[in-house]
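The opening position of the sequence shown corresponds to residue 197 in our numbering, with each subsequent residue numbered one higher.
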Amino acid sequence: RQRQMCIRDSLNIQKNFPFIEIIHHPITIDYKFELESSQKIKYRISRYRWYSFFFGIIPDIFSFGIYFIYLIVFSEFEFGRPSREELPYWVYDLYDISHSMVTALFFIAIAYKINKDFAWPMLAWPMHIVVDFFTHSIEFFPTPILWPISDYRFDGVPWSNPYILGINFILICLIFIYRWRTRLKNK
């Protein structure tokens, strides 16, 4: 109880006089105390919110991002969807590894053992895989959800379908409107 009061007092000092508190403690200790004293799961997750963004795009960065850099460095870069014949075999291998639920859950389990709070934002990775599973057709990069255990791939409705694209944009707009309105209420 006394430790919690000390932590709260420390946080209040930091809010009122941030310069003094930074001189008193290294900032990493303040974050640790703040996370420990917070009972709100939403705060603890949002502490690492930018990691969610990173882990949400990591499956595509790991396969297509590396290929993009390869094109810029070793080849002439052209905009547009490449044909299947143009893509090197290793892009498919990287895609299989990064778009596998087995791979994602393996790394999330390791992160959970090390830092439970950090493992939560990593769930953006399997969420990306689930969305891709249903929105990639067999014709172009179907998602190998259980690779290396199984090579099963689902023939989903591709992103290029106007209905899927429209629903995606509408959901993104609704999320931004919701977040904007909640921030206005909290001010």
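In this text, a Cβ means the ideal position worked out from N, Cα and C, and glycines have one as well.
All figures in this text were calculated on a predicted structure; none of them were measured in a lab.
Ranked by Cα distance from W355, the first of P278, S271, F330 is F330. Burial is judged here by how many other beta carbons sit within 10 angstroms of a residue's own beta carbon; D328 has at least 16 and is buried.
Here the alpha carbons of A320 and N382 stand approximately 26 Å from one another. Between F251 and the set P317, V326, R379, F365, the nearest pair of CA atoms involves P317. In the DSSP annotation of this structure, the continuous segment of the alpha helix (DSSP H) that includes Y308 starts and ends at 297-310.
When C-beta atoms of the stretch 294-309 are compared with those of the stretch 329-349, three or more pairs fall below 8 Å, so the two segments count as touching. A contact is defined here as three or more CB-CB pairs under 8 Å, and the stretch 304-317 fails this definition with respect to the stretch 349-366.
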